[in-house]
Amino acid sequence: MTAAHDYSDLYDIIERLEPEQVEELRRHALRLVKTPPPSRFRVLRSFDGPADDLGARAKDIAREELGEADADR
0 MTAAHDYSDL
10 YDIIERLEPE
20 QVEELRRHAL
30 RLVKTPPPSR
40 FRVLRSFDGP
50 ADDLGARAKD
60 IAREELGEAD
70 ADR
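Here the sequence shown is numbered in numbering that gives the first Met the number 0, starting from 0 and rising by one per residue.
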């Protein structure tokens, strides 16, 4: 089994083209190749995380939530 695609039908079609059709086909083919496909990630914006460093504030948050004595456990 080979991983190569079989484009024999495409080659047959190209062989039957008239000379004036070749240039039009060339323009279309080049447009397809030069135009990058739209990225599915283009709508995503970068995310740097929250403005506060929650890891650095963990003890303060625990003190606020649990009370002073339970924060160091």
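Quick reminder that beta carbons are idealized off the backbone N, C-alpha and C, glycines included. As the structure is a computational prediction, the values presented were derived from the model and not from experiment.
Residue i vs residue j beta-carbon contact at 8 angstroms
| i | j | result |
| --- | --- | --- |
| LEU24 | LEU16 | yes |
Residue i versus residue j: straight-line alpha-carbon distance, rounded
| i | j | result |
| --- | --- | --- |
| VAL32 | ARG26 | 10 angstroms |
| GLY66 | LEU53 | 18 angstroms |
| ALA57 | HIS4 | 57 angstroms |
| GLU64 | ALA55 | 16 angstroms |
| ASP11 | SER45 | 47 angstroms |
| LEU29 | GLN20 | 14 angstroms |
| ALA50 | ILE13 | 59 angstroms |
Own chain partners of residue i with C-beta closer than 8 angstroms, once the 5 adjacent residues on each side are dropped
| i | result |
| --- | --- |
| ILE60 | LEU53 |
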